[in-house]
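First to last, the protein sequences are chains W and R. Quick note on numbering: UniProt numbering labels position 113 of the first sequence as 113, and the sequence is numbered without any gaps. Quick note on numbering: UniProt numbering labels position 76 of the second sequence as 76, and the sequence is numbered without any gaps. Where a beta carbon is used, it is the ideal one built from N, C-alpha and C, also for glycine. Since this is a predicted model, take the numbers as computed values, not measurements. What follows is a single structure, written as structure tokens, with notes after it.
2 protein chains.
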Amino acid sequence: MSSSVQRKRIRKDPAARRAEIVATAAAVALAEGLECVTLRRIGEELAVRPGLISHYFPSAEELVAEAFGNAATAELDRLLPAAGAGAEGPEPGTAPARVAPSGTAPHGAGAADAGPLVRLRWFLGRTVGEEYDAISRLWINARHLSRYRPLLRERVARQEAAWRGRLEELIRDGVAAGEFRTADPLGAAVQILVVLDGLGVHVNTVTPARPAAVLRMAHSTAERELGLPADALGHPESTEQSPS
Amino acid sequence: MSSSVQRKRIRKDPAARRAEIVATAAAVALAEGLECVTLRRIGEELAVRPGLISHYFPSAEELVAEAFGNAATAELDRLLPAAGAGAEGPEPGTAPARVAPSGTAPHGAGAADAGPLVRLRWFLGRTVGEEYDAISRLWINARHLSRYRPLLRERVARQEAAWRGRLEELIRDGVAAGEFRTADPLGAAVQILVVLDGLGVHVNTVTPARPAAVLRMAHSTAERELGLPADALGHPESTEQSPS
DNA sequence: TTGCTTATTGGTCGCACACTCAATAGCATC
DNA sequence: GATGCTATTGAGTGTGCGACCAATAAGCAA
Numbered sequence: 001m002s003s004s005v006q007r008k009r010i011r012k013d014p015a016a017r018r019a020e021i022v023a024t025a026a027a028v029a030l031a032e033g034l035e036c037v038t039l040r041r042i043g044e045e046l047a048v049r050p051g052l053i054s055h056y057f058p059s060a061e062e063l064v065a066e067a068f069g070n071a072a073t074a075e076l077d078r079l080l081p082a083a084g085a086g087a088e089g090p091e092p093g094t095a096p097a098r099v100a101p102s103g104t105a106p107h108g109a110g111a112a113d114a115g116p117l118v119r120l121r122w123f124l125g126r127t128v129g130e131e132y133d134a135i136s137r138l139w140i141n142a143r144h145l146s147r148y149r150p151l152l153r154e155r156v157a158r159q160e161a162a163w164r165g166r167l168e169e170l171i172r173d174g175v176a177a178g179e180f181r182t183a184d185p186l187g188a189a190v191q192i193l194v195v196l197d198g199l200g201v202h203v204n205t206v207t208p209a210r211p212a213a214v215l216r217m218a219h220s221t222a223e224r225e226l227g228l229p230a231d232a233l234g235h236p237e238s239t240e241q242s243p244s
Numbered sequence: 001m002s003s004s005v006q007r008k009r010i011r012k013d014p015a016a017r018r019a020e021i022v023a024t025a026a027a028v029a030l031a032e033g034l035e036c037v038t039l040r041r042i043g044e045e046l047a048v049r050p051g052l053i054s055h056y057f058p059s060a061e062e063l064v065a066e067a068f069g070n071a072a073t074a075e076l077d078r079l080l081p082a083a084g085a086g087a088e089g090p091e092p093g094t095a096p097a098r099v100a101p102s103g104t105a106p107h108g109a110g111a112a113d114a115g116p117l118v119r120l121r122w123f124l125g126r127t128v129g130e131e132y133d134a135i136s137r138l139w140i141n142a143r144h145l146s147r148y149r150p151l152l153r154e155r156v157a158r159q160e161a162a163w164r165g166r167l168e169e170l171i172r173d174g175v176a177a178g179e180f181r182t183a184d185p186l187g188a189a190v191q192i193l194v195v196l197d198g199l200g201v202h203v204n205t206v207t208p209a210r211p212a213a214v215l216r217m218a219h220s221t222a223e224r225e226l227g228l229p230a231d232a233l234g235h236p237e238s239t240e241q242s243p244s
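The following block contains the structure:
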């Protein structure tokens with residue numbers, strides 16, 4: 001009954017099909033790496049011929065860049081939602097397709113309507129642990145591949161700017177609310193991100209267990225740069241549920 | 001006179017040939033990336049058939065891992081020479097072939113016989129600027145590729161340990177000499193390296209100019225962790241010759 | 001000089017990739 | 001129900017890769 005391949009063509013709306021392709025590519029990129037985003041792979045994933053993918057993306061590199069941009073944007077929105085971005089969502093229907101946020105909705109401590117300090121603590125708490133590993137892997141992947149792929153390089157630069165901007169905005173909010181104290185919100189944001197990058201590069205390697213001081217580097221950098229008392233941002237493990 | 005290909009076989013000592021292959025692979029890895037280390041590419045570089053390369057390296061992955069290890073070791077020795085490693089060199093002739101250190105011999109400020117503080121300042125001074133970019137690129141490359149290549153992953157872990165150990169040793173020397181003050185030399189070393197990694201991941205992307213505070217992050221981390229006064233380690237650009 | 005070991009060649013195979021393009025068939029519209 | 005647009009297929013091209021192996025010749029030893 002199921003031995004013959006399905007020959008039935010499913011003809012879809014170009015915009016919807018394109019969105020579907022991008023979403024699939026983003027998922028593959030996040031889970032397996034950008035080099036697995038190939039015409040064949042994505043075509044197979046969607047039960048569609050490779051030629052169709054190249055119909056929507058004349059060059060494969062475009063798809064790869066789009067996949068990265070999509071995945072990174074989704075993760076940024078999940079980890080560091082823009083202030084005031086509640087459940088309503090801006091411009092429903094108009095927004096380009098994005099990979100579905102994996103499970104954990106930012107409802108509660110990380111919600112965009114909480115205070116800057118709480119939001120920052122929540123963000124930093126999410127940047128340690130296995131949950132963040134896939135994102136670290138994606139960034140390393142993209143940063144390396146940027147060496148050879150101009151289009152991807154540009155997308156990486158744009159995402160960098162987005163993450164930097166989002167964090168800077170959070171810091172400005174905190175300064176305005178009197179929770180943070182810094183003369184250079186952008187500089188503080190960059191420093192925190194540099195430390196996060198440095199902490200994240202080891203995901204693909206087996207690294208000896210790190211002391212708490214190292215695991216807390218992003219936290220202590222933020223505390224120092226934002227004029228917060230030590231431990232104001234919590235400990236990496238204390239924000240999470242207790243390990244089984 | 002030179003139209004016909006050279007058919008003359010040059011038969012070399014296996015050890016020498018192997019060393020030659022590794023050195024070439026390391027150079028290609030450093031200059032163009034680990035994915036350019038292929039049987040064909042290295043064979044062409046040495047005017048030799050690809051089959052010969054696989055004769056010495058049954059799996060291509062082994063060669064890639066070896067190339068990385070070789071390049072990284074050479075760079076470590078150049079940037080952070082082991083204390084007491086002067087011109088004599090340990091066990092001459094026995095050491096495996098390494099890519100030739102590129103020009104700048106560590107004679108002077110960075111020499112292994114200088115004091116720990118001077119050596120550290122020299123090292124940090126070398127980690128900013130275009131000179132270090134190739135090394136940053138290599139590390140990102142290797143860290144990403146480690147995701148798919150177990151042999152390389154292990155080599156990366158070994159190199160990480162080597163860099164960490166070398167820096168820790170330098171710090172211990174400094175503590176013993178009364179120049180540094182820390183209760184946890186290893187922790188300090190790791191923190192400095194994390195910051196360096198974080199600063200280095202952007203080499204393949206166009207990034208907006210960074211403020212001095214960011215460029216000095218490794219310096220200030222070291223000063224903080226080693227109980228040094230601010231600016232004790234100099235400024236990134238002041239250690240170098242003046243730009244033209 | 002002769003012989004022998006083995007470093008080196010030349011060729012082949014299978015695989016995965018991006019890219020091209022004429023032919024085909026869904027599906028909305030009339 | 002017929003028609004036309006176009007999303008989708010199928011088939012084929014060329015490239016580069018690692019791996020494999022029998023044949024060959026370089027250079028050392030007898």
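Following the continuous alpha helix (DSSP H) through residue i, name the residue where it begins and the one where it ends.
i, result
"R:I42", "39-45"
"W:L160", "Strictly speaking, residue 160 of chain W in this sequence is Glu, with Leu absent from that position. Unbroken alpha helix (DSSP H) run through W:E160: 150-176."
"R:G227", "Careful: R:G227 lies outside any alpha helix (DSSP H) and carries neither H nor E."
"W:F123", "116-126"
"W:D133", "130-145"
"W:P14", "14-32"
"W:F68", "60-79"
"R:D197", "185-200"
"residue 246 of chain W", "Because chain W spans 1 through 244 in this model, residue 246 of chain W falls outside it and cannot be assessed."
"residue 246 of chain R", "Since the first and last residues shown for chain R are 1 and 244, residue 246 of chain R lies out of range."
Would you please state the rounded distance, in angstroms, between the beta carbons of residue i and residue j? I believe it to be under 8 Å.
i, j, result
"R:L34", "R:F57", "Incorrect: roughly 14 Å between the Cβ atoms, too far for contact."
"W:H219", "W:L124", "5 Å"
"R:S136", "R:G200", "3 Å"
"R:R149", "R:E61", "5 Å"
"W:R153", "R:T207", "No, W:R153 and R:T207 are not in contact; Cβ-Cβ is about 11 Å, not under 8 Å."
"W:F180", "W:G187", "At roughly 13 Å, the Cβ-Cβ gap does not stay under 8 Å, so W:F180 and W:G187 are not in contact."
"W:L76", "W:A162", "6 Å"
"R:L193", "R:L120", "So it is not a contact: roughly 13 Å between Cβ atoms."
"W:V190", "R:V214", "5 Å"
"residue 286 of chain R", "R:L151", "Residue 286 of chain R falls outside the range modelled here, since chain R spans only 1 to 244, and no answer is possible."
Using the Cα positions of residue i and residue j, report the straight-line distance between them to the nearest angstrom.
i, j, result
"W:T94", "W:A19", "Because the pLDDT of W:T94 is 39, which lies under 50, any placement of that residue in the model is unreliable, and the question is left without a value."
"R:N141", "W:H144", "6 Å"
"R:P81", "W:E160", "35 Å"
"R:T182", "R:A176", "10 Å"
"R:G43", "R:I53", "6 Å"
"W:E130", "R:V48", "45 Å"
"R:N70", "R:V28", "11 Å"
"W:T73", "R:P211", "26 Å"
"R:V22", "R:L63", "7 Å"
"R:P14", "R:H55", "10 Å"
"R:L79", "R:R166", "10 Å"
"R:K8", "R:R40", "19 Å"
"W:V156", "W:A65", "8 Å"
"W:L196", "W:A134", "14 Å"
"W:G84", "R:G84", "59 Å"
"W:E45", "W:E32", "13 Å"
"W:E223", "R:A16", "55 Å"
"W:R126", "R:V128", "30 Å"
"W:D231", "W:V118", "13 Å"
"W:W122", "W:R11", "44 Å"
"W:D184", "R:P185", "31 Å"
Count the other CB atoms, across all protein chains shown, that sit within 10 Å of the CB of residue i; report buried if there are 16 or more and exposed otherwise.
i, result
"W:A100", "Low per-residue confidence applies at W:A100: pLDDT is 44, beneath 50, and the placement is therefore not dependable enough to give any value."
"R:G51", "exposed"
"W:P116", "buried"
"W:D113", "exposed"
"W:R216", "buried"
"R:G198", "buried"
"R:P236", "buried"
"R:T104", "Any reading at R:T104 is ruled out, since the residue's pLDDT is 47, under 50, leaving its predicted position unreliable."
"R:A209", "exposed"
"R:P229", "exposed"
"R:P106", "Annotation note: pLDDT 46 at R:P106 (below 50); position unreliable, coordinate value reported separately. Its Cβ being crowded by 16 or more others within 10 Å, R:P106 is buried."
For residue i, verify whether its CB is less than 7 Å away from any heavy atom of the ligand GDP.
i, result
"W:H219", "Absence of the ligand GDP from the depicted structure is noted, as is the absence of any ligand whatsoever, leaving it without description."
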